[in-house]
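Heads up: the sequence shown is residues 1 to 146, going by my numbering. Backbone N, C-alpha and C define an ideal beta-carbon position, used for all residues, glycine too. Below: one structure, written as structure tokens.
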Amino acid sequence: MELVWLGLFVFFLLVEGLTAAITSLWFAIGALAALVGTLLGVPLPWQIIVFLILSAASLLLLRPFAMKVLKVGEERTNADVLLDTEGVVLIDINNTTGQGEVQVRGQIWSARGLLEEHIPKGSRVIVRQIQGVRLYVEQVTEKEEA
């Protein structure tokens with residue numbers, strides 16, 4: 001039975017390595033625990049119970065923590081360096097009409113106001129969010145300028 005649990009452990013690790021989606025790691029943990037149980041002489045029904053319980057427990061308890069720490073599913077882009085960067089409005093930002101352009105670090109971007117409906121041309125803004133090819137900006141206030 002040792003070879004079965006070892007085989008399952010390796011299989012789940014390989015699947016995890018190929019998918020990198022943190023889906024089968026939890027079953028590898030259960031298979032490893034069952035393998036240890038086999039080596040300690042635990043009967044087969046208890047090995048299966050240990051496998052099922054530890055797989056489910058690690059999936060339910062550790063997966064949310066691992067997803068948060070590893071930030072799985074969050075795509076980082078080179079544009080992320082623009083966050084909290086100052087720019088200048090080139091074309092009035094008007095959320096109602098869906099118009100607006102800003103220049104940030106020498107590049108021209110489509111922009112929308114994050115909080116304000118309208119930001120006039122020439123205003124200084126700070127990039128707060130990026131969604132696709134559009135920046136969401138806030139107008140620089142007098143407090144931020146000082």
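CB-CB under 8 angstroms to Val-140, same chain, minus the five flanking residues each way: which ones, in chain order?
Glu-86, Ser-123, Arg-124, Val-125, Ile-126
Ala-56 versus Leu-40 - alpha carbon distance:
22 angstroms
Quick check for students: name the residue ranges of the alpha helix (DSSP H) that lie wholly in the segment 14 to 80, counting only runs of 4 or more.
25 to 39, 44 to 70
Taking only three categories from DSSP, how would you classify Gly-100?
strand
Once the 5 residues before and after Glu-117 are set aside, which same chain residues still bring their CB inside 8 angstroms of it?
Asn-94, Asn-95, Thr-96
With DSSP run on the structure shown, which of helix, strand or coil describes Leu-8?
helix
DSSP state of Glu-117, grouped into three classes?
coil
Anyone know if the C-beta pair for Ser-110 and Arg-128 falls short of 8 angstroms?
no
Just to confirm, are Leu-6 and Ala-28 a CB contact at a threshold of 8 angstroms?
no
If contact is defined by three or more beta carbon pairs under 8 angstroms, each pair taking one atom from either stretch, is the segment 15 to 25 in contact with the segment 33 to 48?
no
Residues in the same chain with beta-carbon distance under 6 angstroms from Leu-32, minus the five sequence neighbours each way, listed in chain order, please.
Phe-9
When the Cα of Trp-26 is compared with those of Pro-64, Pro-45, Leu-3, Trp-46, which residue comes out closest?
Pro-64
Short Cβ contact (8 angstroms threshold) for Ile-108 with Gln-99
no
State buried or exposed for Ala-146, treating a residue as buried only when at least 16 other CB atoms are found within 10 Å of its CB.
With a pLDDT of 48 at Ala-146, under the threshold of 50, the predicted position of this residue should be treated as unreliable, though the coordinate-derived value follows. So Ala-146 ends up on the exposed side.
Please name the residue or residues paired with Asn-95 in a DSSP beta bridge.
Note: Asn-95 sits in no beta bridge, so no partner.
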